[in-house]
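Beneath this line is the structure, given in structure tokens, with notes to follow.
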Amino acid sequence: MACWHAWRTSYGKRTPVSPTDRRTVGELLADCDALARETLLDATFDRAPAMVRSWNQLVGLAAELWTALPSAPDNRSGSDPMERLRVVGEAIGRSVRAGHWPGQGPTDEHLTQIGDNLSRARHLVERHSRNSQPTTLETQAQLQEFRSELMHTLYVAAHGTAVALGAYVTDLQDRLRTGTRRRQPLAERPTALEITSARGIIARFDGFEQLAAAHLFGITSANPDQTRVTAPFTRLESALAAWEIQAYRTLADRPDPADLVRLARVQALITSTTGILTEAAATNGHIDGAVIRRLTPALEASEAAWNRTAKRWAELTNPASRTDPSLISAASEVRAAISAIATNRTGWATPDQLAARVDLPNTVKSLHLSMIAAVDIAYVVRDTAVDHPGLIAPARIIGMRAQGEAELAIEQGETRYEGVTWTTPHQIAANQLIPLPEPARRGLINLADSVIATTNRAVAAAAQLDTSRLTRSIRSDHATHRGRSFESRQMTRPQSQTPKGPCR
Amino acid sequence: MDAETSETVAGVVRLLRRAAELVWVASDTDGAGSPRQLLALGIDLAADEARNLLADAIRIDGPAPVGSEPASLLRSAEQLLRRIATREAADGLHGLLARVANLVWEANTGVSD
Chain A
160 MACWHAWRTS
170 YGKRTPVSPT
180 DRRTVGELLA
190 DCDALARETL
200 LDATFDRAPA
210 MVRSWNQLVG
220 LAAELWTALP
230 SAPDNRSGSD
240 PMERLRVVGE
250 AIGRSVRAGH
260 WPGQGPTDEH
270 LTQIGDNLSR
280 ARHLVERHSR
290 NSQPTTLETQ
300 AQLQEFRSEL
310 MHTLYVAAHG
320 TAVALGAYVT
330 DLQDRLRTGT
340 RRRQPLAERP
350 TALEITSARG
360 IIARFDGFEQ
370 LAAAHLFGIT
380 SANPDQTRVT
390 APFTRLESAL
400 AAWEIQAYRT
410 LADRPDPADL
420 VRLARVQALI
430 TSTTGILTEA
440 AATNGHIDGA
450 VIRRLTPALE
460 ASEAAWNRTA
470 KRWAELTNPA
480 SRTDPSLISA
490 ASEVRAAISA
500 IATNRTGWAT
510 PDQLAARVDL
520 PNTVKSLHLS
530 MIAAVDIAYV
540 VRDTAVDHPG
550 LIAPARIIGM
560 RAQGEAELAI
570 EQGETRYEGV
580 TWTTPHQIAA
590 NQLIPLPEPA
600 RRGLINLADS
610 VIATTNRAVA
620 AAAQLDTSRL
630 TRSIRSDHAT
640 HRGRSFESRQ
650 MTRPQSQTPK
660 GPCR
Chain B
3 MDAETSETVA
13 GVVRLLRRAA
23 ELVWVASDTD
33 GAGSPRQLLA
43 LGIDLAADEA
53 RNLLADAIRI
63 DGPAPVGSEP
73 ASLLRSAEQL
83 LRRIATREAA
93 DGLHGLLARV
103 ANLVWEANTG
113 VSD
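Top to bottom, those sequences are chains A and B.
According to my numbering, the first sequence is numbered sequentially starting from 160.
According to my numbering, the second sequence is numbered sequentially starting from 3.
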């Protein structure tokens, strides 16, 4: 293994690549980190669309390297943080391929170069780890360093992309204002839809960055002797991580409306549980009362939005609908874990019972992380509502729903729906399954938007519960992104994960 | 799975779906943070599992189950499952029976009343 675990000697200087690339795994990863930092420094608005397009491939290559790195024999981790990030990256990639903003186009040179380095590192690891296992403590420590370096690269690159996107939105808004003032033709001005779409992508990159940060900076143990040591995954944390990954997988493959119903109900339950445990943490003095006063209504609104989403998707189910067995299994584990931790024979457990059962501060932080992930899941639900080509529904209920949504839209000035009938008398009489009329689809999209907005508010309200100074609430609004300047371009790494120096 | 067993499982699906519907109504009435959602979700998942035991060709729709007590609907589902979960029955049926029996216990502890 000695030939691939060498560390580079300095940060920030990329080793020139000769025609026969002789860089070690350590050097390749150091170059990736340096390139990610350059990405952050050069995060100009014009690069943002290309960076978004490159993202899925970059995360996919990082995940492949992560998988290729040998695991320590006593690895106690209950879930794979990179898998969580991979599914988020894939969801962003699917959205772009489906034609959502920024759509098809050129990719980003820096991110592609990082991806090439990761790919090369994976080949080296695969070649050299075939005949050796990480048996010594030194080797295991270096593998851990590689993982930290890899995660740090994604963390910095995600931050850089979010910064570039923030600048992009600012530029669009400036151009829109100028265009309106000068009465430019509409076709020459940016659209409000483009601004909204870019903001949505910012929120997703912010979420990605926070998920990476949570792994990188760890969830610290309540035991002072174990400060800055990542606590082993509890059943709930493992169940939540597995749930998120499965939710993405199910949504990626033309889900049945029954899948959406179950997904939304589970998200509502997770949100409820977050509220219960956060209140218990406040009762036990772990959280400031002011945070609770802001957070509780936000969580309630998010839960209500998920439940409304579930009910609306339920209208699209029919007696023959099936739920993905893997989703059932992941949902069952979330339910069982919540039931074991947070309930007693009469309902929710009392704050004292909860304090006796779990490490409240860390569990609340894990649930907060899950809330961040929920925002991205809501975006994927929205994409499903927009793109799913096979959505059908029973004519009677969906005819009424489409009419209701159309009337609302007409009140808001939509003229295309005036005088349109959404079902035929024959379809109504037989209650046939019919393709989803456009206004009914619009209703599903609006509900997903409501989940995104309310969950974002809950994430913002819970920002003070965060595990790291560096993680922030998901900010998709204009004002906060305008403020991202020099400070937002500074990234630090945790003390405990500073490379130890050259070993070659 | 023979036709008679399939028909029984389809009946179990209907019972579970009806029970879930009733508990969701109660949960919605409670408002945010209702503990009943745990039971309602559990019943939904059991109904999903029962549905997935059946082939596409089996019709699930049929007469709506009578009754407005989730606990008694769950008990009926459990009794039906006990009849068909014989020693020779598929593992899926035994797993489903265990799941529904747990839900009957949960429903009787007061959270779903």
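Glycine included, each C-beta is placed from N, C-alpha and C at the ideal position.
Residues of its chain near residue i, where Cβ-Cβ distance is below 6 Å and the 5 sequence neighbours each way are ignored
i       : result
E492(A) : A398
A469(A) : V420, A423, R424
A473(A) : V420
Closest by C-alpha distance to residue i, when choosing among the options
i       : options                            : result
L296(A) : H269(A), S230(A), A316(A), T320(A) : S230(A)
P135(A) : T437(A), E573(A), R601(A), S461(A) : For residue 135(A) there is no data in the structure shown, the boundaries of chain A being 160 and 663.
G13(B)  : R38(B), A34(B), S70(B), L56(B)     : L56(B)
D511(A) : V328(A), V618(A), A440(A)          : A440(A)
A193(A) : P265(A), G319(A), E285(A), P416(A) : G319(A)
N104(B) : E90(B), D93(B), L76(B), L95(B)     : L76(B)
T476(A) : D63(B), E80(B), R84(B)             : D63(B)
G219(A) : V328(A), A427(A), H269(A), L313(A) : L313(A)
T7(B)   : A100(B), W107(B), G94(B), E108(B)  : G94(B)
V322(A) : A496(A), R363(A), N215(A), L283(A) : R363(A)
A411(A) : H585(A), T509(A), E353(A), A544(A) : A544(A)
H311(A) : L606(A), E566(A), M241(A)          : M241(A)
G434(A) : Q405(A), R467(A), R471(A), I497(A) : I497(A)
D542(A) : T179(A), P414(A), A221(A)          : P414(A)
S74(B)  : V106(B), I60(B), H96(B), A28(B)    : V106(B)
H445(A) : D518(A), E396(A), R471(A)          : D518(A)
N-terminal and C-terminal residue of the alpha helix (DSSP H) that residue i is part of
i       : result
I429(A) : 416-442
A100(B) : 93-110
R286(A) : 268-288
W581(A) : That residue, W581(A), is in no alpha helix (DSSP H); it is neither H nor E in DSSP.
F204(A) : Run containing F204(A): none; DSSP gives neither H nor E here.
V517(A) : Taken as a continuous stretch (DSSP letters only), V517(A) belongs to no alpha helix (DSSP H), as it is neither H nor E.
I251(A) : 240-256
Q405(A) : 394-411
DSSP state of residue i mapped onto helix, strand, coil
i       : result
I62(B)  : coil
I593(A) : strand
A552(A) : strand
R503(A) : Note on identity: in this sequence residue 503(A) is Asn, with Arg being the wrong assignment. DSSP places N503(A) in strand when its eight states are reduced to three.
A479(A) : coil
V14(B)  : helix
E474(A) : coil
S70(B)  : coil
E570(A) : helix
H374(A) : helix
H527(A) : helix
L55(B)  : coil
G141(A) : No answer is possible for residue 141(A): it lies beyond the span of chain A, which begins at 160 and ends at 663.
L194(A) : helix
A508(A) : coil
S230(A) : coil
W260(A) : coil
T522(A) : helix
P484(A) : helix
Q369(A) : helix
Contact set for residue i: own chain, Cβ-Cβ below 7 Å, skip 5 residues either direction
i       : result
T271(A) : S213
A280(A) : V184, L187, L188, L224
I551(A) : L592, I593, P594, L595
A49(B)  : V15, L18, R19, A22
E462(A) : A427, T430, S431
Residue i classed as buried or exposed, judged by whether at least 16 other C-beta atoms fall within 10 angstroms
i       : result
T505(A) : exposed
T203(A) : exposed
Q39(B)  : buried
A490(A) : buried
W465(A) : buried
E308(A) : buried
H585(A) : exposed
P416(A) : buried
R601(A) : buried
P72(B)  : buried
T350(A) : exposed
L99(B)  : buried
Contacts around residue i, its chain only, beta-carbon distance under 8 Å, and the 5 residues preceding and following it disregarded
i       : result
R348(A) : R334, L335, G338, T339
I569(A) : Y576, E577
I451(A) : T437, E438, A441
R494(A) : V425, L428
N503(A) : T509, Q512
Proximity test, residue i beta-carbon vs the ligand COA heavy atom, cut-off 7 Å
i       : result
A469(A) : Absent from the structure shown: the ligand COA. Ligands present: none.
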